[in-house]
Every structure is written in structure tokens, then in C-alpha cells.
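Trainee: Residue numbers (full-length UniProt numbering), protein chains in the order written: chain A, 1 to 549; chain B, 1 to 549. One structure, pasted below without further comment.
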């Protein structure tokens with residue numbers, strides 16, 4: 001008897017793509033699928049061939065272009081229309097034509113949806129499931145049935161929902177997936193429903209299932225904030241097939257985050273769920289998928305978020321140094337993430353020492369230096385600086401204290417920026433909603449033994465200053481051509497003082513391979529931006545190993 | 001016998017502020033506290049007086065400036081140091097000096113932390129709890145004990161963790177909060193631990209507790225993605241005190257999102273947890289807090305997220321229109337959110353009609369007008385405007401559509417602003433940290449039948465523009481002298497485009513009696529600020545009943 005492997009079923013490319021603002025091209029999907037395969041999922045649901053032309057194209061190209069090591073492709077579709085035959089339904093035929101080895105059928109299992117949305121009888125609803133499953137199984141496909149609105153339906157009319165699941169199994173479905181389509185379930189309700197249904201249908205607990213046995217699965221959304229808890233509750237109750245998406249993408253509040261679920265099952269329950277060692281690459285994979293979807297990663301995401309293992313409190317830092325295990329629920333390297341120390345005004349010397357180590361500076365035993373750095377950090381934070389989001393500015397400060405000096409790549413003599421509307425364009429509307437302002441900046445500085453005066457234009461004053469600064473410096477430091485500003489954040493502090501407030505600007509810069517963050521503060525957004533730009537360029541030059549000229 | 005009310009304990013201002021990148025000023029905290037009170041939480045943990053100077057200041061000002069209807073303030077602090085006496089410990093005295101009626105003490109309840117982090121004996125660890133609690137209770141404070149690392153500690157050495165909780169109760173603590181400090185718990189573990197500890201200590205299930213009975217509480221972090229599930233599991237097991245933060249702010253993956261927990265308990269379990277009807281305002285309150293923290297709201301946030309009830313048009317559109325309950329886990333108005341459907345503009349028109357009524361305009365039956373306003377709002381929001389936080393700009397737009405014209409108090413011909421460093425001041429330091437920039441602005445406009453050219457100076461470009469505009473207009477409209485800018489917020493949209501990003505500015509203005517908010521958007525922070533300034537002055541003049549001259 002061979003045990004059934006646990007099914008990790010990814011629907012990023014289909015249900016995940018329902019997320020507001022997400023629009024995946026065929027090329028995007030072809031780029032994401034190998035990442036999912038690398039993670040080690042067993043199934044990749046690619047889309048709905050026949051219904052969505054892009055998805056038809058995806059399956060056509062996937063058959064030729066993808067070579068998956070761990071996963072098989074699944075085509076998603078619906079049961080036949082009411083009052084037709086499965087083999088006559090073009091939507092069902094398109095599922096066959098996709099050549100995906102697995103077909104996942106969405107089936108109504110809430111009798112209210114059968115009557116009010118499908119507008120057919122409960123019996124025809126069941127026949128639609130049986131016929132379509134039997135037809136596809138007869139054509140040699142493995143069939144998964146997504147029992148839509150199962151939990152809500154079961155709580156309203158358990159007999160019908162059970163009958164829908166039974167119809168699917170009887171017709172040859174391998175898995176019936178209990179879907180919390182509206183996402184409103186709570187874990188103890190999931191436990192109750194999965195346990196009852198498994199008993200009623202005689203489906204074995206997944207850990208006891210042999211190859212060929214029926215399996216229950218779970219498909220959770222996060223509307224109650226319980227997608228992970230609900231999924232774990234279903235698995236504990238014997239559901240051995242878990243659907244979800246990378247980064248929890250999906251409609252409304254999203255689908256369950258598959259990486260979080262898998263990490264909990266593997267690292268906390270010791271359950272083998274993925275093929276290979278992909279979990280140790282999960283952070284990189286999740287971020288790579290985010291690059292393709294172009295949705296900013298969520299820093300607070302469990303396991304793989306940028307902040308997931310970031311520690312700020314000074315209270316804990318000295319103990320973390322000794323015993324990191326006491327302050328982390330898992331070893332972050334198990335998911336390819338890292339512990340990070342955040343330097344803030346709550347930081348003590350211990351967290352500065354740890355931060356230094358993270359940045360590659362051994363500060364152990366340098367008590368006096370640590371005190372100096374800590375004092376500077378606290379003074380700066382009292383003025384409005386924040387270093388926990390500006391590692392590069394912190395490193396410049398640390399290097400300055402370590403070496404007693406700051407690398408002087410250039411000396412600024414003065415700068416100026418002008419923003420103005422062209423006379424006339426602002427005139428026709430008091431609100432000047434259509435005014436077009438232009439910005440210009442001039443920078444005077446000394447670099448490479450010369451005095452340089454350069455001017456830049458931009459659509460805003462900071463952009464213009466950036467252009468002027470580059471134009472002044474790239475002849476002396478050609479490495480700067482690679483530097484690019486990729487993010488720019490403004491925060492007004494002491495906001496109760498109107499336009500007199502202090503401004504903090506955070507800038508993120510890249511050289512195409514790495515990125516770094518710097519901070520500037522001033523009574524004036526332009527001055528704060530200027531300061532963070534200067535730090536960004538100095539840091540970039542230091543790290544490129546450039547000597548001041 | 002009076003039943004114990006359920007404790008909703010908010011720690012946004014203390015544990016939430018540990019979030020990476022968050023840095024709350026005293027003014028921020030004083031602005032957030034009334035929002036928490038409006039939500040109806042029972043406790044607001046304001047910070048750690050004595051340890052953090054800002055927090056000492058918060059409690060000093062809160063005592064004078066805040067009038068809370070539902071919540072009491074809690075001061076957070078630690079048990080006395082090892083080998084001292086509670087009344088001699090300045091950190092403990094500072095908790096008394098804060099005058100907060102509730103003191104929440106963090107106490108070590110994991111014996112490994114006692115030995116390795118506190119570096120003292122298990123017995124002294126318990127004495128630190130007993131002494132400090134007894135001292136504060138003797139001084140008339142209600143005492144809550146946050147049993148740090150309780151779950152991990154209990155799973156390692158249950159006897160010690162139980163003894164820590166017992167020491168707290170015996171010394172007079174009202175609540176012992178079992179903290180999942182590292183956030184690694186899963187719901188079924190939480191159920192087991194809470195049930196066992198409650199039994200061992202003889203603490204009643206919260207629903208059966210009488211006034212004066214001991215209570216257990218829960219404090220969850222989201223490192224396993226189960227903060228909500230863990231909190232609900234603890235409540236189901238009898239923990240009647242829940243700690244969390246608005247928007248789930250907090251260190252690493254954040255604390256549990258208090259609004260999600262409360263909405264689940266109130267709407268799904270029928271448990272009364274909040275004072276008043278604040279849950280119906282939860283969406284507005286959560287977003288208002290996000291405006292103050294300046295952390296972009298997360299669209300996929302359960303209950304209150306912008307996408308939480310957004311349905312993509314498709315398969316079920318007509319069914320959703322007929323039967324929304326079949327497609328939503330709750331009625332979104334229960335948390336002050338809205339269903340959004342791309343195929344239907346009905347929700348949009350209804351909310352504009354409601355908003356109009358709120359502002360004093362009866363728009364009922366004016367379908368065509370509502371459609372025009374809705375279209376303009378949607379177009380504007382697509383460009384980055386947001387009217388949620390800018391009622392005055394919305395009202396100007398609405399009046400324009402109602403009257404067919406916009407009040408023209410003045411016509412702007414052009415404006416210009418210059419920010420520059422004086423040559424020499426920027427020169428002595430490459431980072432120009434000590435540079436002093438000055439800003440100047442010139443405005444040319446027509447008002448009262450004349451062309452006026454005026455110049456203003458300020459410490460920033462927006463301040464200078466504001467001065468120039470006032471100087472140009474106050475002779476014609478003396479009412480403007482009373483207007484004062486009191487808040488100014490900048491948010492960068494499309495942040496992946498560096499300094500090319502679109503900028504949104506929100507301005508709040510007062511005439512000494514009322515205040516109003518306006519919005520401006522542009523590729524350029526100055527232009528966006530200018531637009532919001534103009535709206536602010538026009539709105540102020542309209543509402544002062546001033547006729548254009």
C-alpha cells in the first residue's frame with residue numbers, strides 16, 4: 001500500500017489573478033509557473049481554457065515551453081450547462097483540448113446557489129456534476145472537484161452539500177475540495193464540517209489514505225482573517241489537499257497564503273508537503289512572484305515578509321544576541337529569510353552591535369564606539385530621523401564613527417530649485433487644476449579638483465535636483481550612471497504645525513543589483529529630499545569601492 | 001452578580017508602534033486615542049512612561065487634553081529589577097506618576113527567559129512579579145500582567161509558567177494575559193494551553209465570570225499567520241481579555257488586528273465586546289488611524305480593507321445584484337465598509353447621495369446629477385485624489401455640479417517658488433547636513449478688479465506659497481486672516497517610479513472654529529500642495545458667505 005502524498009495545489013495563476021488590480025499576461029504566467037515548480041508544489045492551476053482566451057494560449061504554450069519537475073498542470077473549468085450533455089458543451093471540451101492532465105471543475109454545492117444562480121433544480125445540479133466528472137474521467141483525466149460555497153451550503157442544507165460531494169466521488173473524482181468561497185468561516189466550524197463530511201462519505205483521514213483513496217481538500221479565503229487557521233483546521237481533520245496562492249493573492253481579502261500554510265505544516269507539524277527543498281527558497285520565490293505581478297510585497301507577511309524577522313525593541317536585543325531561538329518562532333533560514341535588527345531610539349548598544357554585524361562590521365568589545373553611535377542615533381531620531389527604514393544612512397553614520405571621517409566625494413557650494421507655472425497656463429481656472437508647473441534646479445559643487453555648475457529639469461523639484469546632481473557628478477564618477485531612484489516617501493512630522501512642520505524623506509536607490517535606503521530630515525521637503533539624495537549617492541559610491549577624487 | 005464585561009485592550013500606541021518604519025509623535029498618539037475610544041475599546045495602552053520620554057509626555061498631556069468616553073488609559077511597564085524593592089525602582093515609580101488608572105506589567109513567564117535574559121533565579125523571577133503587582137495594587141491601580149512568552153514557556157516548563165500566573169493573581173492582578181510573544185502558536189495549541197491553565201488556576205470561563213473574578217487574556221502576534229485564529233481559540237476557551245492593535249500594526253508580522261477579532265466575535269458569535277456602536281464606523285476609524293501613522297492601508301485587510309467587499313464583474317454579477325448575501329460573509333455596512341462592484345454604479349450613487357445629505361444638500365431624485373458627480377469622483381480617484389479624507393474638496397466639486405459653476409474669488413496668472421541654500425552654508429560638509437535652505441514664492445493673480453503681485457518667504461516652498469497667497473488676497477478678502485493651516489500630509493502614489501511618482505497632498509485648515517480638509521494631486525509635491533491650498537481658501541470663503549469681488 002502506497003500512502004497518498006499530500007497535495008499542495010497552487011491557484012495563483014487562476015484564483016490569485018482575480019485580485020483587484022492584477023492583470024497577468026501569458027508571459028507572466030509562463031514566468032511564474034517555474035517558480036511554483038521550484039517551490040515544490042504538486043499542482044499548478046493555470047487558468048480557465050476556453051472561457052479566457054489568454055488562458056487557452058497559456059496551456060498551448062505551457063505544453064511546449066514549460067518543463068516542470070515537481071508539478072502537474074491543472075485546467076480549471078465549470079460543470080456542463082444545465083440541460084445539455086457534457087460532450088456537447090464547448091466549455092467542457094476546451095478543458096480536454098488544453099491537454100492538462102488534471103481538470104478541476106467548479107461545482108455548486110450550496111442548494112441556494114443551484115436554485116438562484118444556476119436557476120435549475122437540485123437534481124439537475126447533481127447530474128451536472130456526475131456527467132461532467134464521468135465524461136472527463138472517461139477521457140483519461142484526473143478530476144478534482146471544487147465544491148463551491150461548500151461550508152455555507154452545508155451549514156444551510158447539509159444533505160444537499162453532502163450529495164454534491166458524493167456525486168463527484170461516485171463519478172470518479174479523485175478529490176473533492178470544500179471551498180469557503182465567501183471566506184467567512186472560523187476554524188472550529190471548519191473542523192466540525194470536515195469531520196462530519198469525512199465521516200458521512202467514508203473518506204479516510206489523509207494520513208491514512210492509500211493510493212487511489214478518495215481525498216477531501218480545502219480552499220480558503222481570508223475574509224475573517226482566518227484563512228490559515230481554517231486551512232490548518234481542515235488538514236488536522238483529514239483534508240489532504242490544500243489550495244492557495246503565493247503571497248495570498250486573490251479576490252477581496254485574498255486566498256490563503258500557500259507558503260504560510262506549507263511552512264506551518266512542514267516546520268511545526270513535521271508533515272512533508274512539498275517536493276524537494278523549495279521551502280528554504282520560499283522568500284526569494286515569493287518576492288520573485290511579486291516582481292512579476294508588480295504588486296509590492298507586504299512587509300508584514302508571515303515567514304517571507306521583509307519585516308517577518310525584524311526586531312526593534314531595545315529590551316530584547318541583548319538577549320537576542322545570546323540566544324536568537326528565544327525570540328523567533330522558527331529559524332528564518334528555513335524559509336530563506338533573515339533576522340534583521342532595526343536601529344531605533346529604543347535601541348541599546350546590543351542592537352547596534354548586532355546591526356553592525358549584519359552589515360559586516362565587527363563591533364564586539366568596542367564599548368565606547370557603540371555608545372557614541374547610540375548617542376548619535378538617539379539624537380538624530382529625536383530630530384525626526386528614522387534609521388530602521390534607512391540602513392544605508394545608518395551605515396554611513398557608523399562608518400563615520402569607525403573611521404573618524406566621512407568619505408568626501410564632493411563638496412556642495414550651493415543649490416537652488418525653482419518650481420513655476422508658465423504665465424497663462426495657471427490663469428483660466430481659480431483652482432488651477434490644469435496648471436502645468438515645471439521644475440528646474442541648479443547645483444554648484446566641487447569634485448575631481450574642479451568647480452562644477454550643473455542644471456537639471458524635472459517634473460518636480462526633487463527630480464530636478466536629482467538630475468542636476470547626476471549631471472554635475474557623472475563625469476567624475478561614471479559609476480553613478482547605474483544608480484536609479486526607485487522609491488521616494490515623504491512623511492510630515494509634528495503635523496499639527498501646518499506648513500511649518502518638519503519633513504522626513506526616505507529614498508530607495510538601486511544600482512541594478514542591490515538597493516539601499518537613506519533618510520533626510522529638514523524643515524522643508526526639498527531640503528530633506530536633498531539630504532537623502534546625497535546619502536544615497538555617497539553610499540552607492542562607497543559600496544562600489546570608488547575613491548574620492 | 002454582575003457579569004464581567006469583555007475586555008478589548010488596544011495596544012496600537014505601544015506594541016503597535018514597534019512596527020518597522022512607524023514613529024509616532026506625542027501629537028500622533030493624542031490624535032489616535034480618541035479614534036480608539038470612538039471605536040469603543042475598553043483600554044488604551046498609551047506607552048511606557050519613564051522608559052520612553054515621549055510616552056511620559058503623552059500621559060502628562062493625555063490627563064489634561066483627552067476626554068475619553070469608553071476607554072481607560074493603561075501605562076505599560078516592567079516588573080521591578082532583580083534584587084531591588086518595587087517602591088525603590090524608578091521605572092515602577094514612573095508608572096504610578098503617569099496617573100494611568102491601569103498599569104500593565106510585562107512579566108517573564110518562560111523560565112528560560114528568566115535565567116538567560118533576566119539572569120536571575122526562577123524564585124526571584126516570581127518575587128519580582130508578586131512584589132511589583134502588590135505594590136501597584138496597594139497604590140490603588142488596576143493591574144494587568146502580560147505574561148511574556150507564556151505559550152512557549154508553558155510548552156517547555158508548564159509548572160513555572162503556571163507559577164508566574166499564580167504569583168500575579170495572588171498579589172492582586174485583575175488579568176493575566178497569556179502572550180504569544182514570538183507569534184509562533186497554532187490555534188489548537190492555544191486551545192490546549194488556555195484550557196489547561198484556566199483549569200489549573202481555577203479561573204472561570206469569561207462568560208461565567210462575575211465582577212472581581214480573575215480573568216485570563218490573550219496577546220497574539222501573526223508570525224504563523226494565525227493571530228486571529230489563535231485569539232478566537234483563546235476566547236472560546238474562556239480568555240475574556242483580548243489585546244491587539246488597529247490595522248494589526250506591530251513588530252515583525254504585527255500584532256493581531258483588533259478590528260478583525262472584534263468583528264468576528266460580534267458578528268459571528270454575537271458576543272458584545274465594544275462599548276457603543278463603534279463597529280459600524282470601523283472602516284473609517286481604521287483608515288483615519290492609517291492617515292496618522294502614514295502607513296498605507298492594506299487593501300486586502302479583512303473587514304475594513306478597500307478590497308474586502310470588492311467583487312470583480314463576471315460569472316455571478318447578476319446574482320450578486322439580486323442576492324448579495326449569497327456572496328458576502330457579512331453585510332459590509334456592519335463595519336462601515338461598502339460592497340463594490342465594477343458592473344454596478346448603484347452603490348456609488350447611493351453613497352454620494354448620503355454624503356450630500358451629510359453636508360446639507362438634498363440630492364434625492366437627482367439621478368443625473370448623482371451620475372455626473374460619481375463619474376467625476378471616479379475619474380479623480382483614478383488620478384490619485386481621495387475624497388474620504390477631503391470633504392471640503394468634495395463639497396466644492398459637488399457645488400460646482402449643482403450650480404454649474406465654481407465661485408471665482410481670484411484668477412491666478414502664475415506662481416513660482418524658489419528654494420536655495422546660501423552659497424557657503426552648504427559648502428563645508430558634503431552631506432550638507434547643516435545647510436540652511438530658504439524658500440521664497442511669488443504669486444501673480446487678479447482679484448477685486450486688480451492685478452496683484454505678492455511675495456512670501458517661508459521655511460519651505462509650500463509655506464512660502466501660502467504666505468504669498470495670503471499677502472496677495474487679504475486686502476480684498478480680509479476674512480482670510482483668520483484662516484490657518486493646521487495639518488499638511490504628503491503621500492507618494494505609484495511609489496515604484498522614484499522621484500517621478502504622483503504626489504497627493506492633504507491640507508487641513510481652520511478658521512478658529514471649524515476645520516476642513518482639501519486634497520491636491522500632481523506629478524510634483526509643490527503643485528499638489530498648491531492645488532490643496534487653493535481649495536482650502538476657496539472653501540473657507542464660500543463658507544464664510546463671502547461674495548467674489
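Note that CB positions come from ideal geometry on N, CA and C, so glycine has one too.
I'd like to know whether the C-beta atoms of residue 50 of chain B and residue 58 of chain B end up nearer to each other than 7 angstroms.
Mentor: no
Trainee: Identify whether residue 330 of chain B lies in helix, strand or coil by the three-state DSSP scheme.
Mentor: coil
Trainee: Nearest-angstrom Cα distance between residue 363 of chain B and residue 357 of chain B?
Mentor: Cα-Cα distance, rounded: 7 angstroms.
Trainee: Rounded to whole angstroms, how far is the Cβ of residue 556 of chain A from the Cβ of residue 437 of chain A, which I believe are closer than 8 angstroms?
Mentor: Outside the shown range of chain A (1 to 549) lies residue 556 of chain A, about which nothing can therefore be said.
Trainee: Return helix, strand or coil for residue 518 of chain B, following the three-state DSSP convention.
Mentor: strand
Trainee: To the nearest angstrom, how far is it from the Cα of residue 431 of chain B to the Cα of residue 415 of chain A?
Mentor: Confidence in residue 431 of chain B is poor, its pLDDT being 41 and thus under 50, which makes the residue's placement unreliable; the coordinate value appears in the next sentence. Approximately 13 angstroms, taken between the alpha carbons.
Trainee: Under 8 angstroms, CB to CB, which of the residues in the segment 271–289 of chain B have a partner in chain A?
Mentor: Those would be none; no residue qualifies.
Trainee: Is residue 131 of chain A helix, strand or coil when you go by DSSP?
Mentor: helix
Trainee: Output yes if chain A places a C-beta closer than 7 angstroms to the C-beta of residue 255 of chain B; else output no.
Mentor: no
Trainee: Within 10 Å of its beta-carbon, does residue 175 of chain A have 16 or more other beta-carbons around it, so buried, or fewer, so exposed?
Mentor: buried
Trainee: Can you tell me where the alpha helix (DSSP H) with residue 467 of chain A in it begins and where it stops?
Mentor: Going by DSSP, residue 467 of chain A is part of the alpha helix (DSSP H) stretching over 461–473.
Trainee: Chain A partners of residue 298 of chain B, CB-CB under 9 angstroms?
Mentor: Near residue 298 of chain B (Cβ distances below 9 angstroms), the residues of chain A are 298 and 300.
Trainee: Where does residue 81 of chain B fall in DSSP's three states?
Mentor: coil
Trainee: Alpha carbon to alpha carbon, how far is residue 114 of chain A from residue 178 of chain A?
Mentor: 16 angstroms
Trainee: Below 8 angstroms on the Cβ atoms is my guess for residue 77 of chain A versus residue 48 of chain A; work out the distance and round it to an integer in Å.
Mentor: 6 angstroms
Trainee: Give the single residue among A:529, A:118 and A:285 whose Cα lies nearest to the Cα of residue 38 of chain A.
Mentor: When each option's Cα is compared against that of residue 38 of chain A, the closest is A:285.
Trainee: When you compare the CB of residue 553 of chain B with every CB in chain A, is at least one pair closer than 7 angstroms?
Mentor: With chain B represented from 1 up to 549, any question about residue 553 of chain B goes unanswered, as that position is not in the structure.
Trainee: Which residues share a DSSP beta bridge with residue 42 of chain A?
Mentor: Per DSSP, none; premise fails for residue 42 of chain A.
Trainee: Which one of B:263, B:517, B:253 and B:207 has the shortest CA to CA distance from residue 237 of chain B?
Mentor: B:207
Trainee: With a threshold of 7 angstroms on Cβ separation, who are the neighbours of residue 166 of chain A within its own chain once the five nearest residues in sequence on each side are excluded?
Mentor: 201
Trainee: Does any C-beta atom of chain A lie closer than 7 angstroms to the C-beta of residue 223 of chain B?
Mentor: yes
Trainee: Would you report the Cα separation of residue 133 of chain B and residue 105 of chain B, rounded to the nearest angstrom?
Mentor: 8 angstroms
Trainee: Of the choices B:462, B:518 and B:139, whose alpha-carbon is the least far from that of residue 385 of chain B?
Mentor: B:518
Trainee: Decide if residue 55 of chain A is buried, meaning its Cβ has at least 16 other Cβ atoms within 10 Å, or exposed.
Mentor: buried
Trainee: If residue 510 of chain B sits next to residue 528 of chain B, beta carbons under 8 angstroms apart, how far is it from one beta carbon to the other, in whole angstroms?
Mentor: That belief does not hold up - the Cβ atoms of residue 510 of chain B and residue 528 of chain B are roughly 21 angstroms apart, past 8 angstroms.
Trainee: Output the boundary residues of the alpha helix (DSSP H) element that contains residue 55 of chain B.
Mentor: 53–65
Trainee: Per DSSP, residue 575 of chain A forms a beta bridge with which residues?
Mentor: There is simply no residue 575 of chain A to check, as chain A begins at 1 and stops at 549 in what is shown.
Trainee: Name, going along the chain, the residues of the segment 83–113 of chain B whose beta-carbon falls closer than 9 angstroms to a beta-carbon of chain A.
Mentor: 106, 110, 112 and 113
Trainee: Rounded C-beta distance between residue 324 of chain B and residue 260 of chain B? I'm assuming under 8 angstroms.
Mentor: Not a contact, Cβ separation roughly 21 angstroms.
Trainee: Quick one: using the 10 Å Cβ neighbour count with 16 as the cut-off for buried, is residue 371 of chain A buried or exposed?
Mentor: exposed
Trainee: Is residue 311 of chain A helix, strand or coil when you go by DSSP?
Mentor: strand
Trainee: Cutting at 6 angstroms between CB atoms, please list the residues of its own chain near residue 491 of chain B, excluding the five before and the five after it.
Mentor: 504
Trainee: Please state whether DSSP places residue 215 of chain B in a helix, a strand or coil.
Mentor: strand
Trainee: Is residue 255 of chain B helix, strand or coil when you go by DSSP?
Mentor: strand
Trainee: State buried or exposed for residue 403 of chain A, treating a residue as buried only when at least 16 other CB atoms are found within 10 Å of its CB.
Mentor: exposed
Trainee: Which residues in chain A sit within 7 angstroms of residue 74 of chain B, going by Cβ to Cβ distance?
Mentor: What residue 74 of chain B touches in chain A: nothing, since even the nearest Cβ is about 18 angstroms away.
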